[in-house]
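Notes follow the structure.
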Amino acid sequence: MATFPATIKPHLSSTLDREYKVLTSGFGDGYEQRAADGINNQRDKWNLVFKLSAADFATVKAFLDARQGYEEFTWTPPVASNANKWVCKEYSVSRPGVIYVIDAVFEGRYTLV
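Taking the numbering used here, the leading residue of the sequence shown gets 6, the next gets one more, and so forth.
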(Lines of atoms letter the chains of each structure in order from A; the text may use other names.)
(Lines give C-alpha, C1' and ligand atoms only; values in the text may rest on other atoms or scores of the structure.)
Protein backbone atom coordinates (compact mmCIF):
# COMPACT_ATOMS: atom_id res chain seq x y z
CA MET A 6 0.00 0.00 0.00
CA ALA A 7 1.30 3.44 -0.93
CA THR A 8 2.03 6.13 1.64
CA PHE A 9 1.27 9.81 1.04
CA PRO A 10 4.55 11.81 1.07
CA ALA A 11 5.21 12.66 4.73
CA THR A 12 7.18 15.80 3.89
CA ILE A 13 4.15 17.44 2.25
CA LYS A 14 1.86 18.97 4.86
CA PRO A 15 -1.60 20.48 4.37
CA HIS A 16 -2.26 24.17 4.98
CA LEU A 17 -3.69 25.22 8.36
CA SER A 18 -7.04 26.05 6.72
CA SER A 19 -7.74 22.33 6.20
CA THR A 20 -10.79 20.98 8.01
CA LEU A 21 -12.05 17.68 9.40
CA ASP A 22 -15.67 16.54 8.99
CA ARG A 23 -16.63 13.66 11.28
CA GLU A 24 -19.86 11.67 11.11
CA TYR A 25 -21.04 8.79 13.29
CA LYS A 26 -23.16 6.02 11.78
CA VAL A 27 -25.91 5.33 14.30
CA LEU A 28 -28.83 2.90 14.21
CA THR A 29 -32.02 4.40 15.64
CA SER A 30 -35.22 2.63 16.58
CA GLY A 31 -38.28 4.73 17.37
CA PHE A 32 -41.04 3.58 19.71
CA GLY A 33 -44.69 4.57 19.93
CA ASP A 34 -44.36 6.89 22.92
CA GLY A 35 -41.66 9.01 21.28
CA TYR A 36 -38.80 7.12 22.89
CA GLU A 37 -35.75 6.21 20.85
CA GLN A 38 -33.02 3.67 21.23
CA ARG A 39 -29.66 4.30 19.58
CA ALA A 40 -26.61 2.11 18.95
CA ALA A 41 -23.39 2.34 16.97
CA ASP A 42 -23.75 0.93 13.45
CA GLY A 43 -20.86 -1.53 13.42
CA ILE A 44 -17.53 -1.52 15.23
CA ASN A 45 -16.13 1.29 13.06
CA ASN A 46 -19.01 3.75 13.07
CA GLN A 47 -16.84 6.88 12.91
CA ARG A 48 -16.43 8.36 9.41
CA ASP A 49 -13.74 11.00 8.90
CA LYS A 50 -13.36 13.24 5.87
CA TRP A 51 -10.52 15.75 5.60
CA ASN A 52 -10.99 18.76 3.31
CA LEU A 53 -7.34 19.52 2.65
CA VAL A 54 -5.61 22.53 1.15
CA PHE A 55 -2.06 22.08 -0.11
CA LYS A 56 -0.06 25.16 -1.13
CA LEU A 57 2.84 23.76 -3.13
CA SER A 58 5.91 24.51 -5.18
CA ALA A 59 5.98 23.18 -8.74
CA ALA A 60 8.02 20.11 -7.68
CA ASP A 61 5.74 19.23 -4.73
CA PHE A 62 2.68 19.85 -6.90
CA ALA A 63 3.94 17.32 -9.44
CA THR A 64 4.59 14.80 -6.65
CA VAL A 65 1.12 15.14 -5.07
CA LYS A 66 -0.72 15.15 -8.40
CA ALA A 67 1.14 12.06 -9.60
CA PHE A 68 0.46 10.30 -6.28
CA LEU A 69 -3.30 11.02 -6.34
CA ASP A 70 -3.66 10.21 -10.05
CA ALA A 71 -1.90 6.88 -9.54
CA ARG A 72 -4.52 5.88 -6.91
CA GLN A 73 -7.38 6.75 -9.34
CA GLY A 74 -9.85 7.47 -6.56
CA TYR A 75 -10.29 3.87 -5.40
CA GLU A 76 -6.91 2.63 -4.20
CA GLU A 77 -6.26 3.16 -0.51
CA PHE A 78 -3.14 4.80 0.84
CA THR A 79 -1.80 5.56 4.28
CA TRP A 80 -1.60 9.11 5.58
CA THR A 81 -1.18 10.65 9.03
CA PRO A 82 -3.66 13.50 9.67
CA PRO A 83 -2.40 16.71 11.33
CA VAL A 84 -4.04 15.86 14.67
CA ALA A 85 -3.05 12.18 14.76
CA SER A 86 0.07 10.33 15.78
CA ASN A 87 -0.32 7.27 13.56
CA ALA A 88 -1.26 6.64 9.94
CA ASN A 89 -4.68 5.45 8.78
CA LYS A 90 -6.11 4.29 5.46
CA TRP A 91 -7.61 6.88 3.11
CA VAL A 92 -8.92 7.35 -0.41
CA CYS A 93 -9.08 10.54 -2.45
CA LYS A 94 -11.90 10.45 -5.00
CA GLU A 95 -11.71 14.13 -5.90
CA TYR A 96 -9.36 17.08 -5.95
CA SER A 97 -9.10 20.43 -7.68
CA VAL A 98 -6.12 22.51 -8.77
CA SER A 99 -5.60 26.26 -9.00
CA ARG A 100 -2.60 28.48 -9.52
CA PRO A 101 -3.21 31.91 -7.99
CA GLY A 102 0.38 33.04 -8.55
CA VAL A 103 3.74 31.33 -8.29
CA ILE A 104 2.37 28.54 -6.08
CA TYR A 105 0.03 25.69 -6.92
CA VAL A 106 -3.00 24.98 -4.73
CA ILE A 107 -4.59 21.54 -4.50
CA ASP A 108 -7.92 21.17 -2.68
CA ALA A 109 -8.38 17.47 -1.94
CA VAL A 110 -10.88 15.38 0.01
CA PHE A 111 -9.40 12.43 1.92
CA GLU A 112 -12.01 9.94 3.16
CA GLY A 113 -11.10 7.48 5.92
CA ARG A 114 -11.51 3.77 5.19
CA TYR A 115 -11.75 0.60 7.23
CA THR A 116 -10.86 -2.61 5.41
CA LEU A 117 -10.14 -6.18 6.34
CA VAL A 118 -6.69 -6.27 4.77
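Don't be surprised by glycine CBs; every beta carbon is placed ideally from N, CA and C. Just so you know, these numbers come straight off a predicted model, no measurement behind them.
Notebook entry, point to check: Who are the near neighbours of S18 in its chain, counting only those whose CB is closer than 8 Å to its CB and skipping five residues on each side?
Noted result: The answer, listed in chain order, is V54.
Next item on the list: Rounded to whole angstroms, what's the CA-CA distance from G102 to P83? Just pull it up for me.
Entry: 26 Å
Notebook entry, point to check: Excluding sequence positions up to five away, which residues of its chain have a Cβ less than 6 Å from the Cβ of Y115?
Noted result: N45
Notebook entry, point to check: What does a CB cutoff of less than 8 Å around K90 pick up in its chain, not counting 5 residues either side in sequence?
Noted result: M6, E77, F78, T79, G113, R114, Y115, T116
Checklist line | Residue burial classification, L69 (beta-carbon count within 10 angstroms, cutoff 16) | finding: buried
Notebook entry, point to check: If we call anything under 8 Å between Cβ atoms a contact, is I104 one with T64?
Noted result: Not a contact, by the Cβ cut-off of 8 Å.
Checklist line | Spatial neighbours of R48 in its chain, beta-carbon cut-off 6 Å, leaving aside the 5 residues before and after | finding: Correct list, in chain order: E24.
Notebook entry, point to check: How should F32 be labelled, buried or exposed, when 16 other C-beta atoms within 10 angstroms of its C-beta is the threshold for buried?
Noted result: exposed
Check: Can you tell me whether DSSP reads F68 as helix, strand or coil?
Finding: Here F68 sits in helix by DSSP.
Next item on the list: Kindly indicate the opening and closing residues of the beta strand (DSSP E) around F111.
Entry: 105-113 is the span of the beta strand (DSSP E), which, as asked, contains F111.
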